[in-house]
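Numbering (my numbering), first residue to last: 64 to 144. Beta carbons are placed, not taken as given, at the ideal position from N, Cα and C, and that holds for glycine. Keep in mind the model is a prediction, meaning the values are calculated, not measured. All remarks here apply to the structure that follows.
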């Protein structure tokens, strides 16, 4: 995921980038819908924490929320019967 963000010119600290990549990977590995919901809540909570710490710009925060939503939606489609 960090490659996508670096191509789009999004600058963020390495630790934030690594943690976000871990959350997105966890979304992609969710075994079922309840696990996906939990992973999505955790990822959103992480982004909210970064936002509360004012560690990134509002535009970057919005991109992170969109990345989490997109990853969850992709996995939800994969899990659909």
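Query: Threshold first: 4 residues or longer. Then list the alpha helix (DSSP H) segments lying entirely within the stretch 94 to 126, N to C.; Result: 96 to 115
Query: Give the DSSP-derived three-state secondary structure of residue 130 in the structure shown.; Result: helix
Query: Given that a residue counts as buried once 16 or more other Cβ atoms are within 10 Å of its Cβ, and exposed if not, what is residue 143?; Result: exposed
Query: Apart from the five residues just before and just after residue 117, which ones in its own chain have a Cβ nearer than 6 Å to its Cβ?; Result: none
Query: So is residue 129 buried or exposed if we call it buried at 16+ other beta carbons inside 10 Å?; Result: exposed
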